[in-house]
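Numbering (full-length UniProt numbering), first residue to last: 1 to 340.
Cβ coordinates follow ideal geometry from the N, Cα and C atoms, glycine included.
In this text the structure is predicted, and so the values were computed from the model without any measurement.
Read the structure below first, then the notes.
Rendered as structure tokens:
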């Protein structure tokens, strides 16, 4: 009885606060991580509005050109809107979770269809007395995943200590999303989601569009500075400050774009490059060879069509095959496009 009274008092106190009343109207904002992700999204949208809006406010010559040649500004605004749409499209896309493949992948979806919701939850948690149906699904998934690893590894080596499921190769548990992600690259705080198998290509396109928008916006601000039209000194000052910020953004974006283009061409992830020595099944491979690379052409096909093949799991290649790829190129290899 005392606990009930105490909890009711706490509820009244929290509801009496302005923040408690405000958050009570929006249950989705109760989570601190959700609030921070929404704040970052709001900041990014505001930055786009500030840079785009200040451009049309300060540059009277641009407004005149817009009236005379509206197609030029229309193309810029299309790129502007497409970048924001791509941002939200990537932000709310799934990176590809291991549990989804486990439940809907080949060889397991038929078994999961006959399980109750309670049994399905048991698969992702430790259970001392699992049901027979849970054991069947776990054994099927175990055989499917362990065939992807080189011989000599046990299932305990690849069992996630948080999700308690067997991780396929190239997977990793994300502490922000609290899920194991397929082909984990990194967790993007600005997007509020992980970058993985299913949305890495979308992330690349977002960076590309953001880079193009940054270049075009910077060019328009430079035109504002070099124009001979009469304008106040404070307009030049604001334009210089915004150009400096755009230069830093451009350097960051172009480096990020080049890096992820390199990842796409070589079929790698940021996590694999940064933690290669800590990933057990990558230690036996030559350091200058990319184990999962299938050639530039096939790597790009897999990168661009990852959503169409979202349930496919990638096996660790034999060391002999990778060492053969490490051999120097010959004239015949160049003619036959071995790198592709």
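Looking at C-alpha atoms only, which residue of 59, 175 and 46 is the closest neighbour of residue 220?
Residue numbering aside, residue 220 sits at position 220 when the chain shown is read from its first letter. The candidate whose alpha carbon is nearest that of residue 220 is 59.
Alpha carbon to alpha carbon, what distance is there between residue 103 and residue 113?
As a first step, residue 113 is located in the chain shown; it is residue number 113 there, counting from the start. As a first step, residue 103 is located in the chain shown; it is residue number 103 there, counting from the start. The pLDDT assigned to residue 113 is 34, lower than 50, so where the model puts this residue is not dependable; a value taken from the coordinates is nonetheless given after this. Approximately 9 Å, taken between the alpha carbons.
For residue 181, write down the residues that DSSP places opposite it in a beta bridge.
Within the chain shown, the letter at position 181 stands for residue 181. For residue 181, which the question treats as bridged, DSSP gives the partners 97 and 172.
Take the Cβ of residue 189 as the centre, count every other Cβ of all protein chains shown within 10 Å, and call the residue buried at 16 or more, exposed below.
Walking along the chain shown from the start, residue 189 turns up at place 189. Exposed, since its Cβ has fewer than 16 Cβ neighbours within 10 Å.
Nearest neighbour of residue 316, chosen from 82, 146, 45 and 77 [CA to CA]:
Reading the chain shown from its first residue, position 316 is the one you call residue 316. Here the closest residue by C-alpha is 146.
Which residue marks the beginning of the alpha helix (DSSP H) containing residue 201, and which one marks its end?
For the purposes of this step, residue 201 is taken as the residue at position 201 of the chain shown. Looking at the DSSP string, the run of the alpha helix (DSSP H) that includes residue 201 is 200–226.
Closer than 7 Å to a non-hydrogen atom of the ligand SAM - does that hold for the CB of residue 59?
As far as ligands go, the structure on display features none, and thus does not contain the ligand SAM.
Using only the alpha-carbon positions, how far apart do residue 173 and residue 282 sit?
On the chain shown, residue 173 is found 173 positions in, with the first residue counted as 1. On the chain shown, residue 282 is found 282 positions in, with the first residue counted as 1. Using only the alpha carbons, I get a separation of about 18 Å.
Minimum C-alpha distance to residue 293 - residue among 232, 198, 50 and 321:
Walking along the chain shown from the start, residue 293 turns up at place 293. Closest by alpha carbon: 321.
Compute the Euclidean distance between the alpha carbons of residue 109 and residue 223, then round it to the nearest angstrom.
By one-based count along the chain shown, residue 109 stands at place 109. By one-based count along the chain shown, residue 223 stands at place 223. Residue placement at residue 109 cannot be trusted, given a pLDDT of 40 that sits under 50; the coordinates are not used to answer.
Residue 91 and residue 41 closer than 8 Å at C-beta
As a first step, residue 91 is located in the chain shown; it is residue number 91 there, counting from the start. As a first step, residue 41 is located in the chain shown; it is residue number 41 there, counting from the start. The answer is yes: Cβ separation under 8 Å.
Give the straight-line distance between the Cα atoms of residue 279 and residue 176, rounded to the nearest whole angstrom.
The count along the chain shown starts at 1 and reaches residue 279 at position 279. The count along the chain shown starts at 1 and reaches residue 176 at position 176. The straight-line gap from Cα to Cα measures roughly 21 Å.
One question on the structure: do residue 344 and residue 303 come within less than 8 Å of each other, judged by their Cβ atoms?
Beyond the ends of the chain as shown, which are 1 and 340, falls residue 344; an answer cannot be given.
Taking 8 Å as the threshold, find out whether the segment 70–85 comes into contact with the segment 147–163 through three or more Cβ pairs.
no
Please list, in chain order, all residues of the same chain as residue 284 whose beta carbon is under 7 Å from its beta carbon, the five residues on each side excluded.
Taking the first residue of the chain shown as position 1, residue 284 is located at position 284. Same-chain partners within the cutoff: 319.
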